[in-house]
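Residue numbers (the numbering used here): 7 to 198.
Structure first, then comments.
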């Protein structure tokens, strides 16, 4: 029984319950499950029966770069991050602000764009118009602070993280991300 300690160390690797890397699951399915709300133009919304918007187009580009198809799952705010955390969805692509709390709970991509906080409105709120008020002294208009948007996914998936970052970098490097940002958000994408 001299080999027993070595076998005990290998058992978790042989167990069918061992944690599989997310990129393997995505490749096995041939699809990237992307959760979004589909109710906040210009990020993601339905035009008739067609899902469209900045993040929908970005999701298609990311899935294509990962050599899988994009499977968009429309859900609500309460299920969005919980579903990613539980493995129901692979990622959430729903104009999610990069915050310290998000980084504690999930692994996240590098920011894919930066928007003015006024563009982000809860579904129960009226979208906030981008009206900038100037003072009587003609000072520069005041706007809210910029917000970095990132893609959260389950912690502990370094190969998926690397694949997602590489895909995002290719989309950024060849100008497709900037073109999407200009088309939908009228702003350039963030430089990384």
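Beta carbons: idealized from backbone N, C-alpha and C, even for Gly.
| When the distance is taken between beta carbons, is residue 167 closer than 7 Å to residue 96? | no
| request: Check whether the Cβ atoms of residue 100 and residue 42 lie closer than 7 Å to each other. | output: yes
| message | Taking the straight line between their C-alpha atoms, what separation do you get for residue 51 and residue 111? | response | 26 Å
| task | With DSSP collapsed to three states, give me the class of residue 158. | result | strand
| query | Around the C-beta of residue 164, are 16 or more other C-beta atoms found within 10 angstroms, so that it is buried, or is it exposed? | reply | exposed
| message | Could you tell me the alpha carbon to alpha carbon distance between residue 37 and residue 75, rounded to whole angstroms? | response | 5 Å
| Exposed or buried, residue 92, counting other C-beta atoms within 10 Å across all chains shown (16 or more means buried)? | exposed
| task | Alpha carbon to alpha carbon, how far is residue 105 from residue 160? Give it in angstroms, no decimals. | result | 16 Å
| query | What separation, rounded to the nearest whole angstrom, lies between the Cα atoms of residue 188 and residue 80? | reply | 25 Å
| query | Comparing alpha-carbon positions, which option in 152, 88, 108 and 68 lies nearest residue 183? | reply | 68
| Reduced DSSP category for residue 26 - H, G, I as helix; E, B as strand; rest coil | coil
| query | Under 7 Å, do residue 123 and residue 151 count as touching if we go by C-beta distance? | reply | yes
| task | Locate the alpha helix (DSSP H) running through residue 166, then write down its first and last residues. | result | 164-179
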